[in-house]
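Chains as they are written, first to last, in this note's numbering: chain A, 20 to 249; chain B, 20 to 249.
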């Protein structure tokens, strides 16, 4: 077996799958991208992630690693001679991990709900999303210290953790007709999003917004049907 | 300010608060334990964790670190000369983090639900809990390699992440009258739980089961009232 045989089980539209892809690009590590089909799961996926049965899974020399941010940390630790993804200072690391967990546990679940929430619940979801962006703007100011990324001069852990949602954020705005990003409130994030999206490690894996909208519409219809049926 | 002025905002019954306490004990780091009152939040907590307003918060030389497992990693990184909490091998680290996330996102939420679920839902919850313990038994076999802890000879990340729930697991069994731990199915875990609970870094912060039961009964009544009201 080759020393660094890398397979990534994923799908083009998954924000979580973007994370290891960006991390591998940062480290200039070649990998085979195995696309899962939406709605079905390959035998390799079921065997590699029997607990959650979810993408992404990175298979490194035959050993599976699951959970997107855990994979990103793994990549950073194994390819330690490449550009660092986690900050070197323990406090900065803890801060990056804190906001990474925040976007996954609080912010993105609201973005997903935007497609199905109605009335007052929808207003609440929009309020939480905008409030979250303001919190992240503040975190960006503190963490970037005037530089381009949350990670400073280079793309880091939180850039990857939050940046992977940018495609879906833009798609959600298009689909819902709601403007979530207000440049007056979050000028730093708006500039960061442009810089991030056009970065060499990111631009080829950032999904096309119109294609996401099309895919998102079919997902929203499914969510709605599931909700009506419950 | 002293070099390592450490304050921990917490509460005796919180499994999440046990984590940094065990980690600090492992590193022989002295800290001031500031108990929050259940149902109210101190000004210091609100200022230190404005996003989630939750314990535990470790305040190290005036800087707050939030989220229990992030705090454990922070402690491991700052007190790097003490016994290691995370494994040194990146794959082992990823595995420990994977199961840490599993117990928080899948297993413990079910334990909390046991007090309020009824009928078929209750059977499902019990099934998931037992199934989770079998998965963790398997993880224990692979990770401990015949030694006492998930971390090998020494208490490590997953010992702390999962071990902090042992008090509540025992209390939940008492309160519900359901036997969740089956020694025939999970002999490794049963032995591990004994060794873990009596470890010098753990025994003084492991809450008394009867006191948890009493506290749990008052919590269950609140959950039930909230559920009935929804």
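Here a beta-carbon is modelled for each residue, glycine too, at the ideal position from N, C-alpha and C.
### Query
chain A beta carbons: is any one of them nearer than 8 angstroms to that of residue 154/B?
Numbered from 1 along the second chain, position 135 holds the residue referred to as residue 154/B. Residue 154/B belongs to the set of residues whose beta carbon lies under 8 angstroms from a beta carbon in chain A.
### Message
For a cutoff of 8 angstroms on Cβ pairs, would you count residue 109/A as touching chain B?
### Response
Here residue 109/A refers to the residue found at position 90 when the first chain is read from its first residue. Proximity of residue 109/A to chain B, defined by a Cβ-Cβ separation below 8 angstroms, is satisfied.
### Query
Since residue 84/B is in the beta strand (DSSP E), which residue starts that stretch and which ends it?
Sequence index remark: in the second chain, residue 84/B carries index 65 (1-based). From DSSP, the beta strand (DSSP E) with residue 84/B extends over 82-85.
### Query
Quick one: is residue 40/B near chain A, going by C-beta distance under 8 angstroms?
Along the second chain, one-based indexing puts residue 40/B at 21. At a cut-off of 8 angstroms, the C-beta of residue 40/B has no neighbouring C-beta in chain A.
### Option in 227/A, 131/A and 75/A with minimal Cα separation from residue 57/A
The count along the first chain starts at 1 and reaches residue 57/A at position 38. Nearest of 227/A, 131/A and 75/A to residue 57/A, Cα basis: 75/A.
#### Entry: Sufficient close CB pairs (3 or more, under 8 angstroms) joining the region 114-124 of chain A to the region 80-91 of chain B
As far as the Cβ criterion goes, the region 114-124 of chain A touches the region 80-91 of chain B, which means the pair count is three or higher.
### Task
Would you kindly work out how many angstroms separate the C-alpha atoms of residue 230/A and residue 154/A, rounded to a whole number?
Position 211 of the first chain holds residue 230/A. Position 135 of the first chain holds residue 154/A. Approximately 29 angstroms between the Cα atoms of the pair.
### Within the region 63-136 of chain B, ranges of the beta strand (DSSP E) (whole runs, at least 3 residues)
Scanning the region 63-136 of chain B for uninterrupted beta strand (DSSP E) segments of 3 residues or longer gives 76-79 and 82-85, listed from N- to C-terminal end.
### Query
How big is the Cα-Cα spacing for residue 289/B and residue 187/B?
No statement about residue 289/B is possible, as the shown extent of chain B runs from 20 to 249 and does not include it.
### Query
Just checking my contact of residue 55/B with residue 28/B at CB under 8 angstroms: how many whole Å lie between their CB atoms?
In the second chain, residue 55/B corresponds to position 36, counting from 1. In the second chain, residue 28/B corresponds to position 9, counting from 1. The Cβ separation is near 6 angstroms, so the contact holds.
### Query
Given 8 angstroms as the limit, is there contact between the region 231-242 of chain A and the region 131-141 of chain A, that is, 3 or more CB pairs closer than that?
Yes: the two stretches touch, three or more of their Cβ pairs being nearer than 8 angstroms.
### Query
Is the region 101-113 of chain B touching the region 192-210 of chain B in the sense that three or more CB pairs, one from each, lie closer than 8 angstroms?
Contact between the region 192-210 of chain B and the region 101-113 of chain B is absent: fewer than 3 CB-CB pairs across the two stretches fall below 8 angstroms.
### Query
If you count every other CB in all the chains shown that lies within 10 Å of the CB of residue 205/B, and 16 or more means buried, which is it?
Here the question's residue 205/B lines up with position 186 in the second chain. By the neighbour-count rule (16 or more Cβ atoms within 10 Å), residue 205/B is buried.
### Task
Would you verify that the beta carbon of residue 233/A is, or is not, closer than 8 angstroms to some beta carbon of chain B?
On the first chain, residue 233/A is found 214 positions in, with the first residue counted as 1. Residue 233/A does not count as touching chain B.
#### Entry: Inside the region 157-185 of chain A only - alpha helix (DSSP H) runs reaching at least 4 residues
The region 157-185 of chain A contains these whole alpha helix (DSSP H) runs: 176-182.
### Task
Count the other C-beta atoms from every protein chain shown that fall within 10 angstroms of the C-beta of residue 21/A, then say buried if there are 16 or more, exposed otherwise.
The count along the first chain starts at 1 and reaches residue 21/A at position 2. Because the pLDDT of residue 21/A is 48, which lies under 50, any placement of that residue in the model is unreliable, and the question is left without a value.
### Message
Can you tell me whether residue 163/A is buried or exposed? The criterion is at least 16 other CB atoms within 10 Å of its CB, across all chains shown.
### Response
On the first chain, residue 163/A is found 144 positions in, with the first residue counted as 1. When all chains shown are included, residue 163/A counts as buried.
### Query
Around the Cβ of residue 5/A, are there at least 16 other Cβ atoms within 10 angstroms (buried) or fewer (exposed)?
Examination of residue 5/A is not possible in this model, given that chain A is present from 20 through 249 alone.
### Message
Distance check for residue 165/A and residue 31/A, CA to CA, integer angstroms please.
### Response
Residue mapping note: residue 31/A aligns to position 12 of the first chain, counting from 1. Residue mapping note: residue 165/A aligns to position 146 of the first chain, counting from 1. Going by C-alpha positions, residue 31/A is about 32 angstroms away from residue 165/A.
### Query
Closer than 8 angstroms, CB to CB, is residue 167/B near chain A or not?
Position 148 of the second chain, counted from the start, is the residue given in the question as residue 167/B. Not closer than 8 angstroms to any Cβ of chain A, the Cβ of residue 167/B fails to qualify, so no.
#### Entry: Where residue 35/A meets chain B, residues with beta-carbon distance less than 9 angstroms
Within the first chain, residue 35/A is the residue found at index 16, counting from 1. The CB of residue 35/A never comes closer than 9 angstroms to any CB in chain B; the least such distance is about 13 angstroms.
### Task
Check the Cβ-Cβ distances between residue 283/A and every residue of chain B, and say whether any is below 8 angstroms.
The requested residue 283/A is not part of the displayed model; chain A covers only 20 to 249.
### Query
To the nearest whole angstrom, what separates the beta carbons of residue 182/A and residue 221/A, a pair I think is in contact under 8 angstroms?
Start at 1 with the first residue of the first chain, and residue 182/A comes out as number 163. Start at 1 with the first residue of the first chain, and residue 221/A comes out as number 202. Contact between residue 182/A and residue 221/A holds: CB atoms are separated by about 7 angstroms, below the 8 angstroms threshold.
### C-beta contact flag for residue 91/A and residue 38/A at 8 angstroms
The residue you call residue 91/A lines up with position 72 of the first chain. The residue you call residue 38/A lines up with position 19 of the first chain. It is a contact, given that the beta carbons lie within the stated cut-off.
### Message
Assuming residue 53/B is part of the beta strand (DSSP E), what are its boundary residues?
### Response
Your numbering for residue 53/B matches position 34 in the second chain. Element bounds for residue 53/B: 51-54.
### Message
Which residues in chain B have a C-beta closer than 9 angstroms to the C-beta of residue 159/A? List them in chain order.
### Response
Locating residue 159/A in the first chain gives position 140, counting from the first residue. Ordered by position in chain B, no residue passes the 9 angstroms Cβ test against residue 159/A, which lies about 14 angstroms from the chain.
#### Entry: chain B within 8 angstroms of residue 73/A, Cβ atoms only
In the first chain, the residue the question calls residue 73/A occupies position 54. No, no contact with chain B.
### Task
Pick helix, strand or coil for residue 146/A, following the three-state DSSP scheme.
Residue mapping note: residue 146/A aligns to position 127 of the first chain, counting from 1. Helix, per DSSP.
### Boundaries (first-last residue) of the beta strand (DSSP E) holding residue 208/B
Here the question's residue 208/B lines up with position 189 in the second chain. From DSSP, residue 208/B is part of no beta strand (DSSP E) but of the alpha helix (DSSP H) over 206-216.
### Reference residue 52/A, options 126/A, 26/A, 173/A and 202/A, closest by Cα
As a working mapping, residue 52/A is identified with position 33 in the first chain. Nearest of 126/A, 26/A, 173/A and 202/A to residue 52/A, Cα basis: 26/A.
#### Entry: Residue environment, residue 33/A, which counts as buried when at least 16 other CB atoms sit within 10 Å
In the first chain, the residue the question calls residue 33/A occupies position 14. Buried.
### Query
For residue 127/B, which residues of its own chain have a beta-carbon under 7 angstroms away from its beta-carbon, when the five flanking residues on both sides are left out?
Residue 127/B sits at position 108 when you count from the first residue of the second chain. Apart from the 5 residues on each side of it in sequence, residue 127/B sits with its Cβ closer than 7 angstroms to the Cβ of 184 in its chain, given in chain order.
### Message
As a quick exercise: from 45/B, 243/B and 64/B, pick the residue whose alpha carbon is nearest that of residue 94/B.
### Response
Sequence index remark: in the second chain, residue 94/B carries index 75 (1-based). The candidate whose alpha carbon is nearest that of residue 94/B is 45/B.
### Query
How many angstroms separate the CA atom of residue 203/B from the CA atom of residue 64/A?
Counted from its first residue, the second chain places residue 203/B at position 184. Counted from its first residue, the first chain places residue 64/A at position 45. Distance between the alpha carbons of residue 203/B and residue 64/A is about 30 angstroms.
### Task
Check whether the Cβ atoms of residue 200/B and residue 152/B sit closer than 8 angstroms, and answer yes or no.
Working through the second chain from its first residue, we reach residue 200/B at position 181. Working through the second chain from its first residue, we reach residue 152/B at position 133. Closer than 8 angstroms, so yes.
### Message
So, with DSSP's three-state summary, where would you put residue 29/A?
### Response
The residue given as residue 29/A occupies position 10 in the first chain. Here residue 29/A sits in strand by DSSP.
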